[in-house]
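Asker:
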Amino acid sequence: MKSIFVNSIRWNRSLVDGPGVRTVVFLQGCDLHCEGCQNPSTWEIGAGTEMSVEELTDTLQSNVLNKKITISGGEPLVQKDALLELLPLLDEFDIALYTGHSLEEVPQGILEHLTYIKTGRFQADKKTTTIPFVGSTNQEFRRLRKA
308 MKSIFVNSIR
318 WNRSLVDGPG
328 VRTVVFLQGC
338 DLHCEGCQNP
348 STWEIGAGTE
358 MSVEELTDTL
368 QSNVLNKKIT
378 ISGGEPLVQK
388 DALLELLPLL
398 DEFDIALYTG
408 HSLEEVPQGI
418 LEHLTYIKTG
428 RFQADKKTTT
438 IPFVGSTNQE
448 FRRLRKA
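This is the structure in structure tokens:
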């Protein structure tokens, strides 16, 4: 099993990271470093807690009672190989992925396990607090499949 680096997990408390009450898994590591980022502590991959994919899977399956998670960061695609291993193990979950990359840059093996995706880099000059589930108006939040 691969390792995955986790910054933190916000348990069953978020209403702003996708539809419903969600647990947010903040992965460590970022290759984008957007100006105005709300999570610069996630940029350095080595600063996170290293877990096996199996350990993170077990933790989420045991603690996320409503099966709704959002994977954020940092930039989750920095750890795309670990995500390709993790996501099939969580197929009973409603999963949203927050990435600063474009939809075309997300591997199909990741997309096929997601319910929602937020794409696009955060742009401080386009910051919004009125469009649900995004931080700037250039970003898109879309449903990929039924929950």
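Numbering (our numbering), first residue to last: 308 to 454.
Glycine included, each C-beta is placed from N, C-alpha and C at the ideal position.
1) Apart from the five residues just before and just after A403, which ones in its own chain have a Cβ nearer than 6 Å to its Cβ?
2) Between which residues of its own chain and N370 is the CB-CB distance below 7 Å, once the five residues before and five after are set aside?
3) Kindly give me the distance between the Cβ atoms of L418 and L391, rounded to whole angstroms, as I take these residues to be in contact under 8 Å.
4) Excluding sequence positions up to five away, which residues of its chain have a Cβ less than 6 Å from the Cβ of N314?
5) Apply the 10 Å Cβ neighbour rule to G353 and answer buried if 16 or more other Cβ atoms are within range, or exposed otherwise.
6) Have a look at F400, G343, T436, Q446 and flag the residue whose alpha-carbon is nearest the alpha-carbon of L410.
7) For E361, which option in S310, P439, V385, D401 has the closest C-alpha, if you only look at C-alpha atoms?
Answerer: Checking against the coordinates, here is how it stands:
1) What you label residue 403 is simply residue 96 of the sequence shown in a count that begins at 1. So the qualifying residues of the chain are G325, T377, Y423.
2) Mapped onto the sequence shown, residue 370 falls at position 63. Closer than 7 Å at the Cβ level, and outside the excluded window around N370, lie W318.
3) Counting from one through the sequence shown, the residue named residue 418 turns up at place 111. Counting from one through the sequence shown, the residue named residue 391 turns up at place 84. Not a contact, Cβ separation roughly 11 Å.
4) Counting from 1 along the sequence shown, the entry for residue 314 is found at position 7. Hits under 6 Å: F333, Q335, T349, G355.
5) For this step, residue 353 is matched to residue 46 along the sequence shown. The residue is exposed, with fewer than 16 neighbouring Cβ atoms inside 10 Å.
6) As a first step, residue 410 is located in the sequence shown; it is residue number 103 there, counting from the start. Selected option, being the one with the closest Cα: Q446.
7) In the sequence shown, residue 361 corresponds to position 54, counting from 1. Nearest C-alpha to E361: S310.
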